[in-house]
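Using my numbering, you'd call the opening residue of the sequence shown number 0 and step up by one each time. Positions of the beta carbon are idealized from the N, C-alpha and C atoms, including for glycine.
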Amino acid sequence: SGAGSSGTRNISGTTGYHKQLEDAVAQLHQKESALIFNSAYLANLSSLATLGKAFEKCVFISDERNHASIIEGIRSSGRPKLIFRHNDVAHLETILQSIDADTAKIIVFESVYSISGNIAPIEQIAFLAKKYNALTYIDEVHAVGIYNTDGAGKVAALNLAHTIDIINGTFAKAFGTLGGYIAANATVVDFIRSYSAGFIFTTSLPPAICSATIRSIEKVK
C-alpha cells in the first residue's frame, strides 16, 4: 500500500483499510457509522466546528474542564457556548432550562478527564439531554481501549451507547497507533464528512497505520 496515502480521502486517500477501520470503529461503539481523522484533536476541532453550522440556531453547553480541542472546535463553530461546572448536573440542568426550546442544544463533555481522572456522570447527563431535547457529544479519548470487556470505553461499560449521539476517540493512546475518530449515526457522520474542512483538505492516514489499528482493535477486543 505504500508508506503514505498520497492524497485526501476524497481524491486518492481512501483505501480498503480506511473503510475497514471505520467499520471496526462503528462496530466497537455500536453506532451506524464512523469517520477517521489524523488525530483525535483534529476530530474534535473539525466535528464540533462543523456540527455547530448544521443548525440555524445552536448553543453548545460545555463542561468547564473540557480539552483544548473541544474549546477550539466550539470557538471555530462561531456559535455561543455556555459552560457548566465540572460534572455538576444540577448546574447543567439550570443552563438547559434557560435556553429557548427552538434552539439546538449540544452538550459536550468527556468520559474520563485526563488531568484529574474524574469520571463524568454520563447516565445523568444523557437523561438531561433527552429531557431537554439536546444532542450529546462525548470525548472518550482516555477511556477507549481500557474500559469495557472489548475496550469500547466508559459509555459501553455503562451500557449507554444508545443514549450518546456522538463519540470521539483516539487510536494514539491505548490502541497504540495514530489517529482519531467520531462514531455516530449515518446522517451525522455523512454531514461532517461532507462539510468538515479538517477532513476534506488534509492527506489521509497511511494505509499501514489503518491496517495496524484494525489489528490493534481486534487484539484489545
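Beta-carbon proximity list for residue i, same chain, < 7 Å, skipping 5 on both sides
i    : result
A42  : F36, N167, G179, Y180, I181
G197 : F36, L41, L44, S45
I248 : No statement about residue 248 is possible, as the shown extent of the chain runs from 0 to 220 and does not include it.
G175 : S215
P205 : A2, G3, S4
Reference residue i; option with closest CA among the options
i    : options                : result
S76  : H66, L27, F54, I94     : F54
F170 : F108, S61, K56, T212   : T212
Y146 : A173, A125, I124, F126 : A173
H141 : Y131, K130, K153       : K153
Q123 : L157, T7, R64          : L157
D149 : V107, T162, S215       : S215
Y40  : I69, E217, R84, L50    : I69
Whole-angstrom distance between residue j and residue i, CA atom to CA atom
i    : j    : result
V58  : R78  : 6 Å
S97  : S4   : 47 Å
K236 : N184 : Missing from the structure shown is residue 236; the chain here goes from 0 to 220 and no further.
H17  : G72  : 24 Å
H28  : N65  : 21 Å
K56  : L177 : 35 Å
S210 : S38  : 16 Å
I82  : T186 : 27 Å
G116 : G51  : 28 Å
Close-in-space but distant-in-sequence residues of the same chain around residue i (CB under 6 Å, 5 per side omitted)
i   : result
A33 : E21, V24, A25, Y180, A182
Identity of the residues DSSP links to residue i by a beta bridge
i    : result
L81  : I60
I35  : Y180
I106 : I60, T135
I166 : I137, A182
V111 : I118
- prompt: Can at least three beta-carbon pairs, one atom from the segment 75–90 and one from the segment 128–140, be found at a separation below 8 Å?
  reply: Flag = no, the segment 75–90 and the segment 128–140 do not touch.
field: Touch test, the segment 10–28 against the segment 100–108, Cβ-Cβ under 8 Å, three pairs minimum
entry: No: fewer than three Cβ pairs fall under 8 Å.
query: Contact between the segment 183–200 and the segment 44–54: three or more CB pairs below 8 Å?
result: Contact between the segment 183–200 and the segment 44–54 is present: three or more C-beta pairs spanning the two stretches fall below 8 Å.
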